[in-house]
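Undergrad: Residue numbers (the working numbering), protein chains in the order written: chain G, 1 to 249; chain A, 1001 to 1249.
C-beta atoms are modelled at their ideal positions from N, C-alpha and C, and glycine is treated no differently.
Just so we're clear, the structure is a prediction, and the values are computed from it rather than from any experiment.
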DNA sequence: TTTAGATTATAACGTAACGTGAGAGTCAAT
DNA sequence: ATTGACTCTCACGTTACGTTATAATCTAAA
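Here it is as structure tokens:
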């Protein structure tokens, strides 16, 4: 059932170069390769490709797609439902554009009047109109949202989580005078990443990196984190940064 | 009623840079500029911009859009109708994609089976799915089509056209030992361009250039043209090439 | 009337997602 | 054994802007 590049390309209607490109950038690496170096795509690879193409159709940049689908908490079913939503959205916009064309045709014949604003209804050239919808699900969730989620948990769960958190913070505080790139530090940061994804289930690598920066930029974070040790926030940001970049390769 | 860049940008939802870019490449040059160099867009400019955005939405490359709308025979009304067609087409494809998502969701739940081909129904990543439809209208019409059009005309019209044609060919033959870039040659080629657009009403600059190349590549042309003077085909190709490039700037 | 803030200009380098060869190795069929 | 269709890896080209950087212009408030 393993397929070679051109077979896949022909099946889905993209170019061989595109598959090469996706492989290069680590977005879609074939499960197997022959000993002569030929790429062999599995059924699973095909399913992933389908997901990628849905995201692409909706205008997501490849990098972001990679982040989303490589996130440990990524859920295919959930993604498909959202794709559905967004495609319906897109159709609504398309309908609007069709209305705009119709109106413009009439306007052109002098049958109706039209404001300039109306002439551009339906167009949407923000780089990605669905970004916001997607953000809510996969990206950039901010402090408030995470805290809100925290509040939804039972008291019992909360203390359990706080304990886990404290363990990781303490471990990181011990290491904070060493290098943030060291194996121990990276292992601890890995634990931190897993912890976040397990409990909030929404952290892509990109968001994780931003989060690290926030630890330094946002006083509320810095203060709380540095309770475990002076300079921990900065150390964590650096370690998280390194971690995210490592994983990205 | 003249608007400055940011006003236009905000109105239609694109960036200022985009307008700059369109100006740079000659796709949309503002009707006026203040003495300090500020761009001032007229109502007409806005309408053109709307057309441009329709083409863009449908995936046309900017260069081609430029060719299409700068063609002397370009007809706004006709373009709008075609836009409508293509947007409806696009919606059909979108509906198909929505079906595909729905099916995939069910498939994922194990409720139905699905072939790989079905999983990619509705996607269309050919650089421009509407190219063909548009070609028929504005681009790349080939010899046969032009000749077919010729046959649709009355006998009277045909002889009239042949006469015009002969005048231009004869003039060009006189000039063919000089430079194809000379003022006289370019004036004659201009006449040729106008002649074609008046009688066949479908020659963009790009097509015009290709047509010139065809005069040399296709024996049927070369022979007929060179009846007016040895080497005329090559001379015309060069002159047409220069003409198209001049106009493009 | 100066002065800050918003907007404009040009210039020029950066980026994303491939396209397009070039040169060389693989593979199945004649 | 040879062709023709694929495959691989560079590596540079392209499109449609994004993104500074630097300098002028304009507008309203102090």
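1. Helix, strand or coil for residue 40 (chain G)? Go by DSSP, reduced to three states.
2. According to a CB-to-CB cut-off of less than 9 Å, which residues of the segment 1057 to 1085 of chain A neighbour chain G?
3. What distance in whole Å lies between the Cβ atoms of residue 239 (chain G) and residue 205 (chain G), which are believed to be in contact at a cut-off of 8 Å?
4. Return helix, strand or coil for residue 320 (chain G), following the three-state DSSP convention.
5. Do residue 49 (chain G) and residue 28 (chain G) come within 9 Å of each other at the CB atom, strictly closer than that value?
6. Does the count of Cβ pairs from the segment 117 to 124 of chain G and the segment 93 to 104 of chain G closer than 8 Å reach three?
7. For chain G, check one thing: does any of its Cβ atoms lie closer than 9 Å to the Cβ of residue 1145 (chain A)?
8. Quick check: what's the CA-CA separation for residue 103 (chain G) versus residue 1237 (chain A)?
9. Throw me the rounded Cβ distance for the residue 4 (chain G) and residue 40 (chain G) pair, which I believe falls under 8 Å.
10. Quickly, what does DSSP pair residue 1003 (chain A) with across the bridge? List them, please.
11. Among all the DSSP beta bridges, which residues are the ones paired with residue 1032 (chain A)?
12. When you compare the CB positions of residue 1021 (chain A) and residue 1058 (chain A), do they come within less than 9 Å of one another, or not?
13. Along the segment 1108 to 1123 of chain A, what residues have a CB closer than 7 Å to any CB found in chain G?
14. Chain A partners of residue 90 (chain G), CB-CB under 7 Å?
15. Looking at residue 117 (chain G): is its Cβ nearer than 9 Å to the Cβ of residue 1011 (chain A)?
16. Since residue 1242 (chain A) contacts residue 1186 (chain A) with CB under 8 Å, what's their CB separation in whole angstroms?
17. Can you pull the chain A neighbours of residue 104 (chain G), defined as C-beta to C-beta under 8 Å?
18. Can a CB atom of chain G be found closer than 9 Å to the CB of residue 1005 (chain A)?
19. Excluding the 5 residues flanking residue 1151 (chain A) on each side, which residues of the same chain have their C-beta closer than 8 Å to its C-beta?
20. Helix, strand or coil for residue 196 (chain G), going by three-state DSSP, please let me know.
21. Kindly indicate which three-state DSSP category residue 1058 (chain A) falls into: helix, strand or coil?
22. Roughly how many whole angstroms lie between the Cα atoms of residue 1066 (chain A) and residue 1246 (chain A)?
23. Can you give me the C-alpha to C-alpha distance between residue 38 (chain G) and residue 62 (chain G), rounded to a whole angstrom?
24. Quick one: list the residues of chain G neighbouring residue 1053 (chain A), beta-carbon separation under 7 Å, in chain order.
25. Whose C-beta lies closer than 7 Å to the C-beta of residue 164 (chain G) among residues of the same chain, with five residues either side of it excluded?
26. Within 10 angstroms of the Cβ of residue 1213 (chain A), are there 16 or more other Cβ atoms? Answer buried if so, exposed if not.
27. State the Cα-Cα distance for the pair residue 1056 (chain A) and residue 60 (chain G), rounded to the nearest angstrom.
28. Compare the C-alpha of residue 1052 (chain A) against each of A:1017, A:1235, A:1069 and A:1043 and name the closest.
TA: So, from the data block:
1. Three-state result, residue 40 (chain G): strand.
2. Residues passing the 9 Å Cβ filter: 1057, 1076, 1077, 1080, 1081, 1083 and 1084.
3. About 13 Å separates the two Cβ atoms, so there is no contact after all.
4. Residue 320 (chain G) lies beyond the range of chain G shown here (1 to 249); nothing can be said about it.
5. Cβ atoms of residue 28 (chain G) and residue 49 (chain G): closer than 9 Å.
6. Inter-segment contact for the segment 117 to 124 of chain G and the segment 93 to 104 of chain G is present: three or more beta-carbon pairs are separated by less than 8 Å.
7. Its pLDDT being 37, under 50, residue 1145 (chain A) is placed unreliably in this model, and the coordinates cannot settle the point.
8. Those two C-alpha atoms are separated by around 43 Å.
9. Separation of the CB atoms of residue 4 (chain G) and residue 40 (chain G) is rounded to 7 Å, and the pair is thereby assigned contact status at 8 Å.
10. Under the DSSP definition of a beta bridge, residue 1003 (chain A) partners with A:1041.
11. In DSSP, residue 1032 (chain A) forms a bridge with A:1040.
12. The beta carbons of residue 1021 (chain A) and residue 1058 (chain A) sit no closer together than 9 Å.
13. Those residues of the segment 1108 to 1123 of chain A that come within reach of chain G (Cβ to Cβ, closer than 7 Å) are 1108, 1116, 1117, 1119, 1120 and 1123.
14. The answer, in chain order, is 1094.
15. Yes, the pair counts as a contact, with Cβ atoms nearer than the cut-off.
16. With a Cβ gap of about 7 Å, residue 1242 (chain A) and residue 1186 (chain A) count as contacting.
17. Simply 1050 and 1080.
18. It does not: the Cβ of residue 1005 (chain A) has no partner Cβ on chain G nearer than 9 Å.
19. At residue 1151 (chain A) the pLDDT is 37, less than 50, meaning the model places this residue with poor confidence; the figure from the coordinates comes in the next sentence. Counting only Cβ-Cβ distances below 8 Å, and skipping sequence neighbours, we find nothing.
20. Helix.
21. Coil, per DSSP.
22. Taking the straight line from one Cα to the other gives about 14 Å.
23. Spanning the alpha carbons of residue 38 (chain G) and residue 62 (chain G) requires a straight line of approximately 23 Å.
24. The answer, in chain order, is 123.
25. A distance below 7 Å between beta-carbons, with the five flanking residues on each side excluded, links residue 164 (chain G) to the following residues of its chain, in chain order: 195.
26. It is exposed - the Cβ of residue 1213 (chain A) has fewer than 16 other Cβ atoms within 10 Å.
27. Going by C-alpha positions, residue 1056 (chain A) is about 18 Å away from residue 60 (chain G).
28. The closest CA to that of residue 1052 (chain A), considering only A:1017, A:1235, A:1069 and A:1043, is found on A:1069.
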